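Report on the structure given below.
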Amino acid sequence: MSSSRGNGGGLESDDQRNEKVNSPVSLSVPCEDVRTEENLADVHEENQQLFEEVLTQTKKTNTALAKQSELYEKLILGTSKSIGADCIPANSPDTNVKPGASRAFASVKMGIYSKTVAVSLIVSFLLFLSASAERNDGTFRVGLKKLKLDPKSRIAARVGSKQLKPLRGYGLGDSGDADIVTLKNYLDAQYYGEIAIGTPPQKFTVVFDTGSSNLWVPSSKCYFSIACLFHSKYKSSRSSTYEKNGKSAAIHYGTGAIAGFFSNDAVTVGDLVVKDQEFIEATKEPGITFVLAKFDGILGLGFQEISVGNAAPVWYNMLKQGLIKEPVFSFWLNRNADDEEGGELVFGGVDPNHYKGEHTYVPVTQKGYWQFDMGDVLIGGAPTGYCESGCSAIADSGTSLLAGPTTVITMINHAIGAAGVVSQQCKTVVDQYGQTILDLLLSETQPKKICSQIGLCTFDGKRDVSMGIESVVDKENAKSSNGVGDAACSACEMAVVWIQSQLRQNMTQERILDYINDLCERLPSPMGESAVDCAQLSTMPTVSLTIGGKVFDLAPEEYVLKVGEGPAAQCISGFIALDVAPPRGPLWILGDVFMGKYHTVFDFGKEQVGFAEAV
0 MSSSRGNGGG LESDDQRNEK VNSPVSLSVP CEDVRTEENL ADVHEENQQL FEEVLTQTKK
60 TNTALAKQSE LYEKLILGTS KSIGADCIPA NSPDTNVKPG ASRAFASVKM GIYSKTVAVS
120 LIVSFLLFLS ASAERNDGTF RVGLKKLKLD PKSRIAARVG SKQLKPLRGY GLGDSGDADI
180 VTLKNYLDAQ YYGEIAIGTP PQKFTVVFDT GSSNLWVPSS KCYFSIACLF HSKYKSSRSS
240 TYEKNGKSAA IHYGTGAIAG FFSNDAVTVG DLVVKDQEFI EATKEPGITF VLAKFDGILG
300 LGFQEISVGN AAPVWYNMLK QGLIKEPVFS FWLNRNADDE EGGELVFGGV DPNHYKGEHT
360 YVPVTQKGYW QFDMGDVLIG GAPTGYCESG CSAIADSGTS LLAGPTTVIT MINHAIGAAG
420 VVSQQCKTVV DQYGQTILDL LLSETQPKKI CSQIGLCTFD GKRDVSMGIE SVVDKENAKS
480 SNGVGDAACS ACEMAVVWIQ SQLRQNMTQE RILDYINDLC ERLPSPMGES AVDCAQLSTM
540 PTVSLTIGGK VFDLAPEEYV LKVGEGPAAQ CISGFIALDV APPRGPLWIL GDVFMGKYHT
600 VFDFGKEQVG FAEAV
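Heads up: the sequence shown runs through residues 0 to 614, numbered per numbering that gives the first Met the number 0.
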């Protein structure tokens, strides 16, 4: 019914008011996936929850940005759907809405719209602040995920270790930098991060590996490798920035080689987009390692000198394209088992929140790996003397454990009560030559010449050639004797070092011989790991490495890894044996066991590596 009043006094009739209320609202959008009137309250509640979650995530500045972006996308979708409720499809027969309901409906819509827009603006502002926090110091952070060690992965790692090529006689010292890559067993790796390749981005989980230099991911053209069935695959046909390369590629690991071909595309790491990055599409991934791996591929952070195909590493192109401020990247690996945050990789600098004190820097001694000189190893504060004349070490984020020469790892195993393998060859050498070796050391005979003097090792007058650097005749003799001579030589060399370490501690001759006999029963397992008693952690000694003149300690809870949960949990030593021949060795590989305790800086500009206590 119309009002009986006229319009002269400025009053509107009911029909006029209804006409205005029912007139189209200027906020209309295309009616796709429209939410109904009944859902509007739910939309508001959903948006509020998302907003609160964004606020919570914003406080975690190290890992929040990716999560915020995802939430923001959801929020915007919710916003558009809320606005979409304001329109009526053109082909809808129901164009007559009751005046009262229409007014209330419009009021609710406008309220929801206002609040949603406000939320969107606030979220955008928070995202801007977060993004600015990532950029204002010229650094870019990549959150890392941590995988807990479990019995299945350990079994797989042991199977993979069985397939490793024997080091002895392998000639690592003569075969170039890339040979260290062949020793890697990525099933031990625990820390992963996410990258994307292509436009639009195709996501992959990778190991950020300072011990190699290539980027590779499975290819959609990987048809016959089982590993490719269980991982994300790169599809070049779906990327507008893909460029064909076609050059063949292969990377040899201890458990087999991945093979494929090079391609070029945009690679996204955190907020950084590296253009025209050369990478490997893997079409062959043999062995169990990559079938059971929790990652899709590897992103190498080593030097270009060891890059297969001389491809520029992703890190190099970040610098070349001016994406980062400083030629530095750093790792913080979170060793707190109860913390969901796995760690952080920072490109362009360091995060002062993750270390205390000052970094101790040592120069890179040989480009390829992040290799540097290391001093003596101490067990319970007592020097072993093994690296007195110098050892080399590599900081390797792609290795979970800490690897070193069998001679020293055996001493560590003995000190921490780790189960080992009995070597009859070792016991025979000690029984027959132990006293002779002891007497020669007491007479100040040059230690390196002792084993050749008693006929157990070959010596050319200049250097010992027993540790894998052999003549053709030596190799043929080894084949005919099943390597017995080489094993005896190695046992002798270990006995010399063991006896030297005990003489430094003024032990009696009888006790020294008993000690080295016991060590023959503690040799590291060929499987690569040694079990320890979880209940005996408090009785185990500190193991220390000397780097840059500073002693870096590792406490038992830092070098013993817990596998599994509850009563079935097992503990394993974080030390594994690795023998690399001179001139490249003796070599230590400082993996996550060490890098978890010490925040590590890789300074490409000054060609140095730095360590400081992580927090």
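Cβ coordinates follow ideal geometry from the N, Cα and C atoms, glycine included. Just so it is clear, the structure is predicted and the values come from calculations on it, not from any experiment.
Endpoints, the beta strand (DSSP E) within which Asn-244 is located | If you look at Asn-244, you'll find it in the beta strand (DSSP E) that goes 242–252.
- Query: Are the C-beta atoms of Glu-277 and some chain C residue less than 8 angstroms apart?
  - Reply: Chain labels in this structure do not include chain C; a single protein chain is all it has.
- Hey, would you say Gly-623 sits closer than 8 angstroms to Ser-212, going by beta carbons? This structure leaves residue 623 out entirely; the chain is present only between 0 and 614.
Exercise for review: Figure out for me which residue from Thr-282, Lys-283 and Phe-328 has the closest Cα to the Cα of Gly-299.
Suggested key: Here the closest residue by C-alpha is Phe-328.
- Go ahead and pull the three-state DSSP assignment for Asp-430. Helix at Asp-430.
Go through its chain and collect everything with a Cβ distance to Ser-306's Cβ below 8 angstroms, but skip five positions before and after it.
Ser-212, Asn-213, Gly-299 and Pro-312.
- Message: As a quick exercise: from Thr-267, Ala-490, Gly-356 and Ser-391, pick the residue whose alpha carbon is nearest that of Pro-582.
- Response: Comparing Cα-Cα distances from Pro-582 to each of Thr-267, Ala-490, Gly-356 and Ser-391, the minimum goes to Ser-391.
Buried or exposed, going by whether 16 or more other CB atoms sit within 10 Å of the CB of Cys-533? Counting Cβ neighbours within 10 Å, Cys-533 comes out exposed, since fewer than 16 surround it.
_Considering only their Cβ atoms, is the gap separating Val-428 from Cys-491 smaller than 8 angstroms?_
Closer than 8 angstroms, so yes.
Original post:
Distance, Cα to Cα, Phe-229 vs Tyr-191?
Top reply: Each residue's Cα considered, the two are about 17 angstroms apart.
Closest to Ala-381 by CA distance: which of Phe-289, Phe-203, Leu-544 and Gly-563 is it? Ranked by how close their Cα comes to the Cα of Ala-381, the residues Phe-289, Phe-203, Leu-544 and Gly-563 have Leu-544 in first place.
Phe-330, enclosing beta strand (DSSP E) - first and last residue: First-last of the beta strand (DSSP E) with Phe-330: 327–332.
| task | Compare the beta carbon distance of Ala-487 and Gln-424 with 8 angstroms and say whether it is the shorter of the two. | result | Yes, Cβ-Cβ distance for Ala-487 and Gln-424 is below 8 angstroms.
C-alpha gap between Ser-500 and Lys-246, whole angstroms: Rounded to the nearest whole angstrom, the C-alpha separation of Ser-500 and Lys-246 is 52 angstroms.
For Glu-343, the residue or residues it bridges with in DSSP = Per DSSP, Gly-142 and Trp-331.
inquiry  = On the DSSP letters alone, give me the boundaries of the beta strand (DSSP E) that Val-562 sits inside.
reply    = In the DSSP assignment, Val-562 falls within the unbroken beta strand (DSSP E) covering 559–562.
Distance, Cα to Cα, Phe-207 vs Met-506?
Using only the alpha carbons, I get a separation of about 46 angstroms.
When burial is assigned at 16 or more other CB atoms within 10 Å of the CB, is Lys-202 buried or exposed? Residue environment for Lys-202: exposed (fewer than 16 other C-beta atoms within 10 angstroms of its C-beta).
- Query: Quick one: any contact between the stretch 545–552 and the stretch 315–331, if contact means 3 or more CB pairs under 8 angstroms?
  - Reply: The stretch 545–552 makes no contact with the stretch 315–331; the number of CB pairs closer than 8 angstroms stays below 3.
Applying the 10 Å Cβ sphere with the 16-neighbour rule, what's the burial state of Ala-554? When all chains shown are included, Ala-554 counts as exposed.
Review point. From this set, Glu-280, Pro-362, Lys-448 and Lys-366, which residue's C-alpha is nearest Asp-372's C-alpha?
Key: The candidate whose alpha carbon is nearest that of Asp-372 is Pro-362.
**Study point:** Euclidean distance between Cα positions of Tyr-385 and Val-495
**Key:** Taking the straight line from one Cα to the other gives about 10 angstroms.
**Item:** Residue span of the alpha helix (DSSP H) that contains Thr-517, given as start and end
**Value:** Residue identity differs from the one stated: residue 517 is Asp in this sequence, not Thr. Element bounds for Asp-517: 508–518.
Exercise. Specify the secondary structure class of Asn-263 as computed by DSSP and reduced to three states.
Key: Asn-263 falls in the strand class under three-state DSSP.
Would DSSP call Phe-574 helix, strand or coil?
-> Phe-574 falls in the strand class under three-state DSSP.
| query | What are the start and end residues of the beta strand (DSSP E) that includes Phe-289? | reply | According to the DSSP assignment, Phe-289 belongs to no beta strand (DSSP E) but to the alpha helix (DSSP H) extending over 288–291.
*asked:* Using DSSP's beta-bridge definition, name the partner residues of Lys-202.
replied: BP columns for Lys-202 point to Ala-195.
- Query: What are the partner residues of Pro-382, as DSSP defines its beta bridges?
  - Reply: DSSP, once it has assigned bridges, lists Leu-377 as partnering Pro-382.
Sub-8 angstroms separation of Thr-138 and Gly-341 beta-carbons
With contacts defined by Cβ atoms closer than 8 angstroms, Thr-138 and Gly-341 do not form a contacting pair.
Among Thr-198, Trp-215 and Gly-197, which residue has its Cα nearest to the Cα of Val-205?
-> It is Trp-215 whose Cα lies nearest to the Cα of Val-205.
Practice item. Under 8 angstroms by Cβ, that's how I've got Val-531 and Ala-402 pegged, so tell me the actual separation to the nearest angstrom. Key: Beta-carbon to beta-carbon, Val-531 and Ala-402 are separated by about 17 angstroms, too far to satisfy the 8 angstroms threshold.
So which of Gly-356, Tyr-222, His-358 and Ala-394 has the shortest CA-CA distance to Gln-365?
-> Measuring from the Cα of Gln-365, the nearest candidate turns out to be Ala-394.
Quiz item: Sorted by chain position, which residues of the same chain lie with C-beta nearer than 8 angstroms to Pro-92's C-beta, five sequence neighbours on each side aside?
Solution: The predicted model places Pro-92 with a pLDDT of 41, which falls under 50 and marks its position as unreliable, so this point remains unresolved.
Margin query: Tell me which residue opens and which closes the beta strand (DSSP E) that Leu-228 is part of.
Written below: Looking at the DSSP string, Leu-228 is not in any beta strand (DSSP E); the run it does join, the alpha helix (DSSP H), is 225–228.
query = Going by C-alpha distance, which of Ala-265, Glu-277 and Glu-284 is nearest Tyr-252?
reply = Checking every option, the nearest Cα to that of Tyr-252 belongs to Glu-284.
### Query
Do you know how far the Cα of Ala-281 is from the Cα of Phe-223?
Answer to the nearest angstrom: the Cα atoms are 11 angstroms apart.
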